[in-house]
Amino acid sequence: MERPFVLLAVASVASVACWAPCAAAAAEPKPAFPRQMSYKCTMRVSLDSHDLFAGLNSGNNFSGTHYLNADLQVMRTEWLMTCPGSTCGRFGPNPTSVGINAHGREQAMYQTTVNERLPPGPGKAQAVQCRKLPMHQPVFNESWADGALYRGVHYLDGQLCHRWSNTVPWAVQRVQRISDFYSDFYTNLPVASISEDGAIDLRFFDLNLQPMPESLFDPTGLHCGDCDGDCGANSMLV
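Dropping the structure here:
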């Protein structure tokens, strides 16, 4: 009567003994971003970030869709921005919309914002204005994960993820903060980039890995005017 129990116990011990070498043999994953994709994104900026939104507009929250083609050095973002105050400062009322269309080879960024001089349309649709701003930094940081340290498997909001520390955002921001990067455990697709200082929390979801043609980044129909005055103070790249 005891024989099946003994066999089961021996098998269990053998399984445990095999676990360590089997796990050790698995190759350590590497952090990666697809070269072309679109995806939904949220970004939370802390109240004490001391970044572009410090002061009146600190603590902003963003949600929107990103499109990128790293081979063409282009990235486009359409953000809905909510601010803790009654307005979003120079970017318009709260909430407001901001679009960023970065062209690395052209060293230009096309920025769309709300045109408050024109009345809203039905559904509170807001007229758009566009400016072409100079951009003197790359769109993507190809060495973003060169110093990455693998921290093992973690749960992030209930999702099983790989975690790395000592990375920076792949899509270059105004301030490149040291961040932890998370990817899905099974697919290794991006899930989040969260700065160590807690200032920036980026989440990625609904990834579409289809090719992103050049037409998706063409700003011609927006009739963007050249920037006048202090362009740097009005630009945002996040």
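FYI, the numbering for the sequence shown is 70 to 307, going by the numbering used here.
Note that CB positions come from ideal geometry on N, CA and C, so glycine has one too.
Member of the options whose CA lies at the smallest distance from the CA of residue i
| i | options | result |
| --- | --- | --- |
| Asp140 | Gly168, Glu283 and Leu187 | Glu283 |
| Tyr219 | Ser234, Glu211, Ser212 and Leu225 | Ser234 |
| Asp275 | His292, Pro288, Asn170 and Val260 | Val260 |
| Asp226 | Asp215, Ala177, Asp270 and Lys193 | Asp270 |
| Leu187 | Thr256, Gln195 and Thr181 | Gln195 |
| Met150 | Asn138, Gln105, His292 and Arg113 | Arg113 |
| Val183 | Ile263, Gly158, Gln176 and Ser252 | Gly158 |
| Asp117 | Leu291, Ala95, Gln198 and Ser264 | Ser264 |
| Pro98 | Phe250, Phe273 and Gly290 | Phe250 |
| Pro100 | Asp215, Arg174, Thr156 and Ser166 | Asp215 |
| Glu175 | Phe160, Gly161 and Val208 | Val208 |
Bridge partners - residue i, DSSP secondary structure assignment
| i | result |
| --- | --- |
| Cys199 | Thr181 |
| Ser107 | Tyr136 and Asn277 |
| Arg214 | Residue identity differs from the one stated: residue 214 is Ala in this sequence, not Arg. Bridge partners of Ala214: none, in fact. |
| Cys230 | His223 and Asp253 |
| Arg246 | Per DSSP, none; premise fails for Arg246. |
Cβ-based neighbour list, residue i, same chain, cut-off 6 Å, excluding 5 preceding and 5 following
| i | result |
| --- | --- |
| Val143 | His172 and Phe286 |
| Gln245 | Val237 |
| Gln279 | none |
| Pro153 | Gly128 |
| Cys296 | Arg200 and Leu202 |
| Tyr136 | Ser107, Arg145, Met281 and Leu285 |
| Pro288 | Asn170 and Tyr179 |
| Tyr224 | none |
| Gly294 | Arg200 |
Backbone secondary structure at residue i - three-state DSSP
| i | result |
| --- | --- |
| Gly154 | coil |
| Thr256 | coil |
| Arg159 | helix |
| Phe102 | coil |
| Asp287 | coil |
| Gly192 | helix |
| Val374 | No information on residue 374 is available, as it lies outside the stretch 70 to 307 that the chain covers here. |
| Ser264 | strand |
| Val208 | coil |
| Gly294 | strand |
| Asn129 | coil |
| Asp270 | strand |
Beta-carbon contacts of residue i that lie in its chain and below 8 Å, excluding the five residues immediately before and after
| i | result |
| --- | --- |
| Thr134 | Ser107, Tyr108, Lys109, Cys110, Thr146 and Glu147 |
| Val222 | Leu229, Cys230, His231, Arg232 and Phe254 |
7 Å CB neighbourhood of residue i in its chain, flanking five on each side removed
| i | result |
| --- | --- |
| Phe102 | Trp239 and Pro259 |
| Asp266 | Arg246 |
Self-check item: the segment 192–208 contacting the segment 222–230, beta-carbon criterion three pairs below 8 Å
Solution: Because the criterion of three Cβ pairs below 8 Å is not met, the segment 192–208 and the segment 222–230 do not touch.
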